[in-house]
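Sequential numbering of the sequence shown, starting at 35, is according to my numbering.
Note sheet for the following structure.
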Amino acid sequence: MNKVTQFVSYEKMSKYVANIIEDIFKKSFRMSFPKLVLPTGSTPLGLYEELVKRQLDWSNITTFNLDEYIINPNHLQSYYNFMRMNLFDKTNIYPNSYNFPDRNTQAYEDKIEEHGGIDLCILGIGTNGHIAFNEPDTSFESRTRVVDLSDQTIKDNSRFFDTEQDVPRQAITMGLGTIMESKRIVLMARGKNKKDILDEAMFGRITEEIPASILQTHDNMEAFYCD
Ligand code: GLP
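Structure follows, in structure tokens:
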């Protein structure tokens, strides 16, 4: 059974997850160099700010982003741009060490495998229980692929765009099967509007209707929550 740890503030939750990442970076001389999966959305912003503040050495780190819209990568709201603005351009990570899924989805899967798999995968959760862009009724076996976004997700993500019409209708996402192969998973959820879906995902029925519910079956997974 998974445990959900509740933090008294967003700052404390962000710092706690930054500590997990810093710890992995520090131990990296003893293990092979860390491979991380990183999310976008508003929830990880405090974490990224904290990581930047700590001026960690990213020179040996490889990252894979969870997902990307089908959008021009130079668009302000592309996840590529989001990650560069909020994290990558503020660290010493090498540009060829951060990876985003594109239409060549098998190549993304292959690259993760060539790197020996993922050491730590950080996730957010959508209000409908999606993780990455794996919407309700996604197969638990799914791999990296092109997906249609649900009406709920288009509505939720319209806050980042001028109008709802501007939100891309499709994206590329790591699959649930791909995510579940990560050696360790940390899920971050922020806000009262996420509490019910988080509880349902972590303690309710394991069902493809709630993609995040598959995480209950991972043996090294933690969820963190703050209001
Ligand atoms: C998007 C991303 C998800 C993220 C979700 C929640 O849909 N594809 O990976 O978890 O948004 O975002 P927020 O943290 O802004 O609530």
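For every residue, glycine included, the Cβ atom is placed at its ideal position computed from N, Cα and C.
Buried versus exposed call for residue i [16 or more other C-beta atoms within 10 Å across all chains shown]
i	result
Val279	The chain is shown from 35 up to 261; residue 279 falls before or after that span and cannot be answered.
Leu210	buried
Glu148	exposed
Ala223	buried
Ile219	buried
Pro129	exposed
Phe167	buried
Gly80	buried
Lys69	buried
Gly75	buried
Thr251	exposed
Ile240	exposed
Phe98	buried
Ser176	buried
Thr39	exposed
Met228	The question names Met, but residue 228 is Lys in the sequence shown. So Lys228 counts as buried.
Asp153	buried
Identified DSSP bridge partners for residue i
i	result
Asp101	Thr207
Phe167	According to DSSP, which records beta bridges pairwise, Phe167 is partnered with nothing at all.
Phe258	Thr39 and Met222
Thr96	Lys69
Tyr132	Thr97
Ile231	Paired residues: none, contrary to the question.
Arg179	Thr207
Ile156	Val220
Contact test: residue i Cβ vs the ligand GLP heavy atom, cutoff 8 Å
i	result
Thr241	no
Gly160	yes
Arg88	no
Arg224	yes
Gly75	yes
Asn191	yes
Pro107	no
His164	yes
Thr207	yes
Asp233	no
Leu121	no
Thr187	yes
Lys262	Because the chain here runs from 35 to 261, residue 262 falls outside it and cannot be looked at.
Asp101	yes
Leu81	no
Leu70	no
For this session: May I ask you to verify whether the region 191-198 touches the region 163-172, counting CB pairs closer than 8 Å and requiring at least 3?
Result: no
Problem set entry | At least three beta-carbon pairs within less than 8 Å, the region 112-126 to the region 142-161 | no
For this session: Flag this pair as touching only if the region 149-163 and the region 177-194 have three or more C-beta atom pairs under 8 Å; answer yes or no.
Result: yes
Exercise. Any chance the region 118-133 sits against the region 172-187, with 3 or more Cβ pairs inside 8 Å?
Worked result: no
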